[in-house]
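In mature numbering (1 follows the signal peptide of the UniProt record, and there is no 0), the protein residues as written are -27 to -1, 1 to 415.
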Amino acid sequence: MTLIKTLLPAAALIVLPTLGLTQEAAADTTPPNEEIGYIFTTFMFLVSGFLVMWMAAGFTMLEAGLVRQKNVTMQLTKNIALFSLAALMYYLIGYNLMYPGDGWSIDGVLGAFSPAAMEPVGLADTETDLTYASVGSDFYFQLMFCATTASIVSGTLAERIKLWPFLIFVLVLTGLIYPIQASWKWGGGFLDGAGFLDFAGSTVVHSVGGWAALAGALILGPRLGKYKDGRVIPFMGSNLPLATLGTFILWLGWFGFNGGSQLYMDTAGNVADISRIFANTNTAAAGGAIAALLLTQLLYKKVDLTMVLNGALAGLVSITAEPLTPGLGSATLIGAVGGVIVVFAVPFLDRLKIDDVVGAIPVHLMAGIWGTLAVCLTNGDASLGTQLYAIIVVGVFTFVVSGVVWFILKAVMGIRVSEEEEINGLDMAELGMEAYPEFSKS
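This is the structure in C-alpha cells:
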C-alpha cells in the first residue's frame, strides 16, 4: 500500500501534462468558424452524390425488370458502361463546359474546353473560396446528374439497338449535349440571365434525356411485332419485383438529387429548407403513384403495376423543378398530375407507334415539361413565358443535335440489330451470355 501511495502522485504528474496536450491538440484541430460552412456543404454534396449515384442502380434494375428475359444482360451492360463513360467525359470536357466561370468560349452560350481539376491535396498553398464547397465534391455531385441523363435514353431504346452505337451516342450526350445546355441555366448562361427557374433539373436533366430518347426512338423504329394490324401487342417485362425494387431505389436516390440541389448546408435556414425539399419530394412521388393506381383502376378495371411505378417516378420528375416552395398539399398535387400524364401518355405514344420500352418519354420528357411549368404555381419569381421559352430552347437544341447524331450513326455503322438477332435476343447476339441461363426459353 505504501508503494501504491508513493506511485500514484508520480503517475498523476506524468499523465496531467499529457491530458493538457490532448486538450490543446483537440483545440488546435477544431476548424475556425469560417470553415464550418465549407465543411458541411462539402459533406452534403458527397452524401447527396452517393444517393444520386444509387439512382444508376435504380435505373438498371427498373430496365432489367421491364425488358424481356432475352435482353436483360444487354440492359445491365449498357447501364454500367454509360455510367463509366459519363464519368470520363464529364471529367475530360463536360464539367468546365457546364461551369466555365469567367472562361466562356462564347459568353453565356458555350463554356470552356478544358479538363476538370481539383484543389491540391490538403488545399496546400491555395486561397480557397470557403463560402461554397470543395471542387471535388461539386464535380462528383454534378457528374451524377450527367450520368442520370444518359440512363434515361437507355430504357427507351431497349431490345433493338446495337451496343456500340448507343455508347458512342452516350459520349456525345454526356460530353457535349448535356453540359452545353446545362450551362445555359446552372452555369450562369443566357437562360439563367433570362430568369429561367429549374431547381434540380426537370428540364435540364430529365427532359433532355427524354428529348434524346425520343429522337432515337423515331429513327430506330419500334420493336418487331409491337404494332400489328392496328393493334398494340404488349411485351411483358421479365421481372416485376426487380422493376419495383428499381423504382424504390430511384425514389431514395431522388432525395440526394433534389436535396443536394439546395447547394448550401451552412445555415439553419438551409438545413430546414433541405428537410422541406425531402418532404415535398417524397409526397410528390406518393401523389404520382396513387394517381396512377386510381386512374388505371378506373380506366382498365384493374391496377397496372408498371403504370404505378412510372407514376411515382413521374411525380418525382414533376417536383424536381421546384421542390422547395410548395407546401405538402401542393407538392402532392403536382406529383399527382405527373402520374396522370403517364397513364394517358403511354397509350398516346403507342397510337403514334413510338415504342418506348420502359415509359421514359412520358416520365422524363412529358412530366419534366409539366414540372417546369408548375414552378409558376408556387414560386412568385417564375414567369410562364420564360419557362416556356427555356423548354423550347432546350428541347429544340437537344432533339435536333441528338437526331443528327443518331442519323450519322445509322448511316455510318447502323444502329439496329438484325431481325434474327432481335428475335433471338440481344443477350446472345451482342454479348453471348444470358442473365438467367438456368431458365428454359419459352
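Beta carbons: idealized from backbone N, C-alpha and C, even for Gly.
For Gln154 and Thr176, the rounded distance between their alpha carbons:
10 Å
Would you tell me roughly how many angstroms separate the C-alpha atoms of Phe372 and Asn212, rounded to the nearest one?
32 Å
Uninterrupted alpha helix (DSSP H) stretches inside the region 81 to 152 (no shorter than 4 residues):
108 to 129, 136 to 145
DSSP three-state call for Val276: helix, strand or coil?
coil
Residues in the same chain with beta-carbon distance under 7 Å from Thr101, minus the five sequence neighbours each way, listed in chain order, please.
Glu92
Can you give, in chain order, each stretch of the alpha helix (DSSP H) that sits fully within the region 186 to 270 and has at least 4 residues?
213 to 232
Alpha carbon to alpha carbon, how far is Ala173 from Met238? Give it in angstroms, no decimals.
16 Å
Going by the CB atoms, is the gap between Thr15 and Ala106 shorter than 8 Å?
yes
Given Gln115 as reference, the closest of Phe380, Asp246, Phe370, Phe230 once Cα atoms are compared
Phe230
With burial defined as no fewer than 16 other Cβ atoms inside 10 Å of the residue's Cβ, what is the status of Pro207: buried or exposed?
exposed
Out of curiosity, what's the CA-to-CA distance linking Gln270 and Asp277?
8 Å
Quick one: complete alpha helix (DSSP H) runs, 4+ long, within the region 303 to 359?
340 to 351
Within its chain, find whatever has a CB closer than 8 Å to the CB of Tyr409; leave out the 5 residues flanking it on each side and keep chain order.
Gln42, Val45, Ser211
In the DSSP assignment, what are the bridge partners of Ile79?
Leu83
Whose C-alpha, out of Ile250, Asp75, Leu164, is nearest the C-alpha of Ile364?
Leu164
May I have the straight-line CA-CA distance separating Leu350 from Ala185, to the nearest angstrom?
28 Å
When the distance is taken between beta carbons, is Gly31 closer than 8 Å to Gly162?
no
Counting C-beta neighbours from all protein chains within 10 Å, is the total for Pro209 16 or more, i.e. buried, or is it exposed?
The sequence shown places Met at residue 209, not Pro. Met209 should be labelled exposed.
Do you know how far the Cα of Leu382 is from the Cα of Val108?
35 Å
In or out: Ser87 buried (at least 16 other Cβ within 10 Å) or exposed?
exposed
Compare the Cα-Cα distances from Leu197 to each of Gly387, Glu395, Val178 and report the closest residue.
Glu395
For Arg389, list the residues DSSP reports as bridge partners.
Ile134
Using only the alpha-carbon positions, how far apart do Gly226 and Phe317 sit?
26 Å
For Phe251 and Ala259, I'd like the C-alpha separation in whole angstroms.
13 Å
Quick check on Val20: does DSSP put it in helix, strand or coil?
helix
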